[in-house]
Amino acid sequence: MLDQVIFYFFAALAVVSAILVVTRRNAVQSAIFLVTALLATAGIFLSLNAEFLFIVQVILYAGGIMVLFVFVIMLVNLDVALHQVQFNRQWFVALIISAVLAAQVVAAIAVSRRSLYTMPAAPAESLEPNTERVAFYLFHTYMLPFEIASILLLVAMVGAVVMAKKRV
Amino acid sequence: MVPIGHYIFLSAAMLAIGIVGIVTRRNVIIILMSVELILNAVNINLVAFSRLVGSVEGQIFAIFIITDAAAEAAVGLGIIIAFFRNRETVLADEMDILKW
Amino acid sequence: MGTRKPGHRERTITGVADRYNAAGTNVETTVLGADEIILNMGPQHPSTHGVLRVKLRLDGEKVVGSECVIGYLHRGVEKIAEHRSYQQFAPYVDRMDYVAAVSNGLGYCEAVEKLMQVEAPPRARVIRTILTELQRIASHLFWLGTHALDIGALTPLFYCLREREEILKIFEKYCGARLTTHAFRIGGLQYEAYDELEKDTERFCKGFDKRVDEYESLLTENRIWVGRTKGIGILTADAAIAMGVTGPVLRASGVQWDIRKAMPYAAYDQYEFSIPTGQNGDTYDRYVVRLEEMRQSRKICLQAIENIPAGPILGKVGKVLKPPPGEVYHSIEAPKGELGYYIVSDGTTQPYRVRIRPPSLINLEALDQMIRGHLVADVVAVIGTLDIVLGEVDR
Amino acid sequence: MNAIMPYVFPVLFALVIVALLPLVAGYIVLVERKVMADMQVRLGPMRVGPHGLLQPIADAVKLLLKEDIIPESADKLLFWGAPLISVTAAMLALAALPIGPFFQIADLNIGLLYILGISSLGIFGIVLGGWASNSHYSLMGALRSAAQLVSYETSAGMAIVGALLLAGTLSTRGIVEAQSEAGWWFIFVAPVGFFIYLVASIAETNRAPFDMPEAESELVAGYMTEYSGFRWALYFLAEYTNMVVVASIAATLFLGGWMRPFANTRAFNFLDYLPPLLMLGVAGYCFRRAPKQPVAVQKMFMAAVGLLCIVLALILIMPLAVPRDSFLASSKAGIHGAFWFLFKVGVYIYVFMWLRFTFPRYRFDQLMRLGWQFLVPLSIVNVMGIGVSLALHRQLHWPNWVSFPLGVALTLIAGAFLLATGEKHEHPRVGDEEEEETPVHA
Chain W
604 MLDQVIFYFF
614 AALAVVSAIL
624 VVTRRNAVQS
634 AIFLVTALLA
644 TAGIFLSLNA
654 EFLFIVQVIL
664 YAGGIMVLFV
674 FVIMLVNLDV
684 ALHQVQFNRQ
694 WFVALIISAV
704 LAAQVVAAIA
714 VSRRSLYTMP
724 AAPAESLEPN
734 TERVAFYLFH
744 TYMLPFEIAS
754 ILLLVAMVGA
764 VVMAKKRV
Chain B
3 MVPIGHYIFL
13 SAAMLAIGIV
23 GIVTRRNVII
33 ILMSVELILN
43 AVNINLVAFS
53 RLVGSVEGQI
63 FAIFIITDAA
73 AEAAVGLGII
83 IAFFRNRETV
93 LADEMDILKW
Chain H
8 MGTRKPGHRE
18 RTITGVADRY
28 NAAGTNVETT
38 VLGADEIILN
48 MGPQHPSTHG
58 VLRVKLRLDG
68 EKVVGSECVI
78 GYLHRGVEKI
88 AEHRSYQQFA
98 PYVDRMDYVA
108 AVSNGLGYCE
118 AVEKLMQVEA
128 PPRARVIRTI
138 LTELQRIASH
148 LFWLGTHALD
158 IGALTPLFYC
168 LREREEILKI
178 FEKYCGARLT
188 THAFRIGGLQ
198 YEAYDELEKD
208 TERFCKGFDK
218 RVDEYESLLT
228 ENRIWVGRTK
238 GIGILTADAA
248 IAMGVTGPVL
258 RASGVQWDIR
268 KAMPYAAYDQ
278 YEFSIPTGQN
288 GDTYDRYVVR
298 LEEMRQSRKI
308 CLQAIENIPA
318 GPILGKVGKV
328 LKPPPGEVYH
338 SIEAPKGELG
348 YYIVSDGTTQ
358 PYRVRIRPPS
368 LINLEALDQM
378 IRGHLVADVV
388 AVIGTLDIVL
398 GEVDR
Chain A
126 MNAIMPYVFP
136 VLFALVIVAL
146 LPLVAGYIVL
156 VERKVMADMQ
166 VRLGPMRVGP
176 HGLLQPIADA
186 VKLLLKEDII
196 PESADKLLFW
206 GAPLISVTAA
216 MLALAALPIG
226 PFFQIADLNI
236 GLLYILGISS
246 LGIFGIVLGG
256 WASNSHYSLM
266 GALRSAAQLV
276 SYETSAGMAI
286 VGALLLAGTL
296 STRGIVEAQS
306 EAGWWFIFVA
316 PVGFFIYLVA
326 SIAETNRAPF
336 DMPEAESELV
346 AGYMTEYSGF
356 RWALYFLAEY
366 TNMVVVASIA
376 ATLFLGGWMR
386 PFANTRAFNF
396 LDYLPPLLML
406 GVAGYCFRRA
416 PKQPVAVQKM
426 FMAAVGLLCI
436 VLALILIMPL
446 AVPRDSFLAS
456 SKAGIHGAFW
466 FLFKVGVYIY
476 VFMWLRFTFP
486 RYRFDQLMRL
496 GWQFLVPLSI
506 VNVMGIGVSL
516 ALHRQLHWPN
526 WVSFPLGVAL
536 TLIAGAFLLA
546 TGEKHEHPRV
556 GDEEEEETPV
566 HA
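Residue numbers (the numbering used here), protein chains in the order written: chain W, 604 to 771; chain B, 3 to 102; chain H, 8 to 402; chain A, 126 to 567.
In structure tokens form, the structure reads like this:
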């Protein structure tokens with residue numbers, strides 16, 4: 604019962620803020636609603652017993668990446684931006700894509716003999732302490748991808764610095 | 003218990019919203035943010051299914067996606083700053099020359 | 008992002024061609040190629056020491072130019088002088104540099120005396136010296152406290168005020184006023200020294216040396232303090248002379264110029280003291296120079312109280328002052344620099360024209376040169392180190 | 126009914142903390158003003174209540190009644206919401222803090238990361254508040270703040286990682302228990318880590334000498350410039366809550382949490398009597414001062430404070446006085462644990478105040494240089510040093526007293542090296558190093 608309430612609350616929060624992200628004219632407000640959406644997602648992670656991912660989401664996504672976003676928005680946010688047209692006239696394309704997507708999801712659920720729709724998302728037994736297991740997989744099974752990810756971050760860092768430098 | 007289908011719907015909804023954002027907005031920063039939304043939608047699915055099969059490997063994948071999002075945001079915003087410095091705009095449809 | 012100065016640079020959306028044209032001239036000076044921002048510091052800003060307004064042109068946080076807007080405290084002191092008798096005007100000068108009123112009074116009284124060709128009696132001159140040096144200490148103390156506060160050290164201010172309080176108490180006992188003392192009178196002193204002036208001064212001076220050490224222990228060796236002041240706001244000796252900068256600011260640049268030595272007035276020729284100078288002309292040097300000046304002032308006071316000559320305190324001046332027609336320029340070494348009075352007399356009881364050379368104003372002119380290339384935080388430090396008093400800048 | 130029971134106590138604790146926090150923050154401000162006054166040879170607030178004891182309440186009332194000004198061209202929504210974000214983030218972080226073995230809202234198995242992550246969200250409140258005010262001072266304060274927080278979070282995080290290696294768990298309760306089992310506080314094993322955390326936590330809470338974002342003499346009040354009244358009070362509340370949070374983290378990680386000093390040594394058991402004696406001492410002072418208060422109400426209030434201290438002393442002494450196996454005796458760990466925890470937090474906050482009133486302020490670029498060129502490398506070296514110590518101790522079975530001092534020594538050597546190289550770049554604007562010093566006397 605409680606977990607249902609939690610899920611629907613966070614899901615509604617996530618969807619509403621996501622909609623606001625793409626509809627607000629002001630980029631700073633968009634960023635704030637994106638933070639809200641990310642935090643709501645983090646809440647869903649927590650309700651799925653993914654504590655470590657929850658905190659990664661909060662620290663990295665909300666606390667790190669989004670601060671970067673807000674920072675950049677403040678640097679480039681011109682007063683004129685508010686008076687410009689903020690939307691392309693491509694609603695039609697967007698609608699079609701959304702409709703196709705919705706059709707796919709519905710089809711997927713229908714094809715899978717409704718089990719997806721009734722199957723509870725969690726096995727009964729609770730997982731062992733989440734952080735340890737994540738650590739085990741991260742540093743044992745997925746060691747190589749982990750290192751590659753760190754190289755990716757390094758490359759991104761160098762790239763960002765080079766890109767944002769005053770004179771290239 | 004929340005059925006897995008609801009997670010899929012949530013994820014699909016956020017994916018759709020993200021796509022709408024990418025397609026309809028002119029501001030590159032908001033387009034980038036919409037990309038983040040899409041990545042986030044993927045993460046929801048991964049974590050929900052990881053719970054379903056009782057393994058945390060889906061979460062590992064989600065962590066990699068977050069790492070990727072960080073890299074993408076850093077580079078993307080770097081590009082935006084460089085572009086803004088040169089053209090004083092962040093609108094996607096004004097980014098219409100390949101070289102300057 | 009607030010109010011950018013409009014039209015500072017032609018802002019074009021498709022500025023590709025412009026960019027090629029301007030490739031060599033470095034139009035883009037700021038972080039994101041946007042215009043420089045103009046930051047108004049003051050007139051109501053906690054660390055512009057009153058109502059100074061500095062218009063800073065900033066590139067990010069770096070200062071690329073500045074402009075001082077003054078006059079918010081203008082009271083027309085020089086004009087007032089033309090409608091007051093010589094004695095009546097004396098209290099007005101106290102209100103210029105109100106943290107060093109005694110020095111202002113000394114300069115004015117001596118200027119008028121020079122104009123009238125009278126001399127203050129020796130006793131008056133010695134007491135004048137004592138009080139002026141005490142005032143110098145008080146002024147430097149106040150400077151030190153506020154300067155430290157500008158740089159973020161909260162505590163020295165209160166220690167400085169504690170000592171300044173003792174000096175103000177001496178003033179109060181002497182003339183009844185603490186701040187705008189009007190201690191002197193043309194031709195000598197307003198009041199006979201009270202009985203314990205010597206004792207009070209001595210007691211203060213005896214303890215004061217240790218107090219200065221105390222300030223030094225808080226600041227001089229402090230890494231943060233040194234980091235904030237060394238190399239900040241450098242003023243070379245040549246530039247200082249060219250700008251007409253005087254006082255501790257000039258001496259910190261390495262120029263040994265002190266009117267007390269160069270053209271002695273009051274009783275300074277009788278006493279032994281040294282003129283501290285700096286080398287780099289940066290904020291740290293000015294700090295060190297002023298601290299040393301406090302020690303030297305203390306030395307002068309101690310020498311002076313040893314031997315205060317007896318005798319009258321007022322020279323031969325009448326009740327109504329009518330200086331002969333003519334003009335005079337007299338300057339003294341006020342705590343902030345050369346304080347000069349140029350007085351033109353037309354033979355009546357009122358001056359025809361009084362022009363005051365305020366050290367704060369002239370020193371302030373060096374501000375722009377000193378802060379270019381520094382950060383906003385340094386602007387505050389440099390304004391503090393110039394030791395300006397807006398009452399004097401604006402008059 | 127059973128489904129609800131596990132939630133009752135946490136919710137109760139949470140309510141208590143949220144209700145008490147503004148009061149506590151107010152009194153921390155009062156203590157700060159008193160400490161400041163003492164260091165600056167003056168008295169501090171003395172008017173409202175005896176020795177200014179009611180000053181925080183008067184301040185709070187004044188702030189609540191103040192006119193709420195929203196600047197004309199501000200972004201209303203964000204201006205309105207930004208302080209709330211700050212306060213919420215700061216308060217949420219309190220949830221995982223173990224105030225004694227029994228007083229804790231939630232013992233998460235990611236406790237420490239949770240605190241770090243949630244409190245890092247407070248930055249949004251600052252940045253958005255500064256941006257929404259639409260003022261240069263605010264914006265610069267906000268941007269400085271963002272940069273500063275992000276920079277110092279890195280070194281704080283690395284310092285925490287060092288202690289986590291020692292503890293082997295992320296749960297705050299587990300960390301304290303690990304220290305209890307090890308028999309020493311981690312500050313003795315990782316003093317460098319503690320130092321790094323101390324500096325970084327001062328910077329993270331925007332306190333002097335790192336109070337760039339609100340540097341009064343430069344940016345008026347930084348991101349808070351345009352705020353007044355209650356919203357301003359919320360920012361203040363957030364700042365002081367953050368202080369409590371970082372102090373609690375430090376106490377938990379490095380200072381043994383709720384443990385008494387020498388908790389495992391029987392010879393020091395007399396220290397159990399220290400807390401009640403301390404309270405009695407305060408009470409005695411209150412009673413001595415009470416008759417000297419000028420007004421009858423103030424006398425009564427002073428006496429009431431004294432009585433409160435006596436009650437606290439009684440509570441503290443109760444578990445010691447009753448027989449060993451009674452229920453009350455078993456509450457000793459909780460009560461005394463809470464006392465020691467709060468005591469350590471208090472000492473840590475006092476150090477904050479002490480530094481604030483002693484040091485001048487760093488300039489922003491110096492702050493960044495200190496953060497990135499000294500603290501971050503040092504914290505990484507610190508983690509490696511602790512790693513080496515642990516490897517020697519656990520894998521090669523070297524004794525404690527060899528392996529850990531060795532790690533500390535290695536870290537210190539690296540730190541000295543960093544300091545030496547940093548010194549070279551310290552004064553780039555003064556051309557010559559030889560041109561030292563000062564007046565040449567004539």
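Note that the Cβ used here is the ideal one computed from N, Cα and C, for glycine as well. Keep in mind it's a predicted model, so treat the numbers as computed, not measured.
- For Pro181 of chain A, no Cβ of chain H is located within less than 8 Å of the residue's own Cβ.
- Sixteen is the threshold: since fewer than 16 other Cβ atoms of the shown chains lie within 10 Å of the Cβ of Ser198 of chain A, the residue is exposed.
- Distance between Met103 of chain H and Phe178 of chain H, taken at the CA atoms: about 18 Å.
- In the structure shown, Pro98 of chain H falls within a helical segment according to DSSP collapsed to helix, strand and coil.
- Taking all protein chains in view, the Cβ of Trp357 of chain A is crowded by 16 or more other Cβ atoms within 10 Å, so the residue is classified as buried.
- In this structure, the beta-carbon distance from Ala446 of chain A to Gly431 of chain A does not fall below 8 Å.
- Using a CB distance cut-off of 8 Å, Leu663 of chain W counts as an interface residue toward chain B.
- For the set A:Pro223, A:Leu323 and A:Leu492, the Cα lying nearest the Cα of Gly462 of chain A is the one of A:Pro223.
- Those residues of the segment 206-240 of chain H placed with their C-beta closer than 7 Å to a C-beta in chain A are Asn229, Ile231, Trp232, Gly234, Arg235, Lys237 and Gly238, ordered along the chain.
- Val77 of chain B reaches chain W at Ala759, Gly762, Ala763 and Met766, counting residues in chain order whose Cβ is nearer than 8 Å.
- Its chain contains Ser650 as the residues whose beta carbon lies nearer than 6 Å to that of Ile609 of chain W, once the 5 sequence neighbours on both sides are disregarded; these appear in chain order.
- Between Asp193 of chain A and chain H, the shortest Cβ-Cβ separation is not below 8 Å.
- Cβ neighbours of Ile239 of chain H within its own chain (closer than 7 Å, five residues either side excluded): Asp289, Thr290, His381, Asp385, Ala388 and Val389.
- With distances taken between CA atoms, Ile174 of chain H lies nearest to H:Thr188 out of H:Thr188, H:Leu161 and H:Thr162.
- Along the segment 477-493 of chain A, going in chain order, the ones with a CB nearer than 8 Å to a CB of chain H are Arg481, Phe482, Thr483, Phe484, Pro485, Arg486, Tyr487, Arg488, Phe489, Asp490 and Gln491.
- Rounded to the nearest whole angstrom, the C-alpha separation of Gln491 of chain A and Gln273 of chain A is 11 Å.
- With the criterion set as a beta carbon lying under 7 Å from some beta carbon of chain B, the members of the segment 620-637 of chain W are Ala621, Ile622, Val624, Val625, Ala630, Ser633, Ala634 and Leu637, in sequence order.
- Of all residues in the segment 646-662 of chain W, those with a C-beta nearer than 7 Å to a C-beta of chain A are Glu654, Phe655, Ile658, Val661 and Ile662, reading in chain order.
- Chain A has a Cβ within less than 8 Å of the Cβ of Val673 of chain W.
- Gly333 of chain H is bridged by DSSP to H:Ser352.
- Using a CB distance cut-off of 8 Å, Ile235 of chain A counts as an interface residue toward chain W.
- Secondary structure at Asp98 of chain B: coil, using DSSP grouped into helix, strand and coil.
- Pairwise C-beta distances place the segment 360-374 of chain A out of contact with the segment 310-319 of chain A, as fewer than three of them are shorter than 8 Å.
- Against chain B, the beta carbon of Thr639 of chain W has no neighbour under 8 Å; the closest one sits roughly 12 Å away.
- Contact check between the segment 149-162 of chain H and the segment 310-324 of chain H: fewer than three CB pairs, one atom from each, fall below 8 Å, which does not count as touching.
- Between Gly299 of chain A and Leu146 of chain A, the alpha-carbon positions lie close to 25 Å from each other.
- By the criterion of at least three beta-carbon pairs nearer than 8 Å, the segment 404-411 of chain A is in contact with the segment 436-443 of chain A.
- Rounded to the nearest whole angstrom, the C-alpha separation of Gly510 of chain A and Ala315 of chain A is 9 Å.
- Residue pairing by DSSP places Asp220 of chain H in no beta bridge whatsoever.
- Within the same chain, Cβ atoms closer than 6 Å to the Cβ of Lys180 of chain H are found at Tyr201, the five residues on either side in sequence being excluded.
- Leaving aside the five residues that flank Arg143 of chain H on each side, the residues in its chain whose CB is nearer than 6 Å to its CB run, in chain order, Ser304 and Pro342.
- In the DSSP assignment, Asn234 of chain A falls outside any beta strand (DSSP E), carrying neither H nor E.
- Under the DSSP assignment, Gly72 of chain H falls in the beta strand (DSSP E) whose first and last residues are Lys69 to Val76.
- One thing to note: Trp232 of chain H has its Cβ no nearer than 8 Å to the Cβ of Pro334 of chain A.
- Secondary structure at Phe482 of chain A: helix, using DSSP grouped into helix, strand and coil.
- Collapsing the DSSP output to three states places Asn47 of chain B in a helix.
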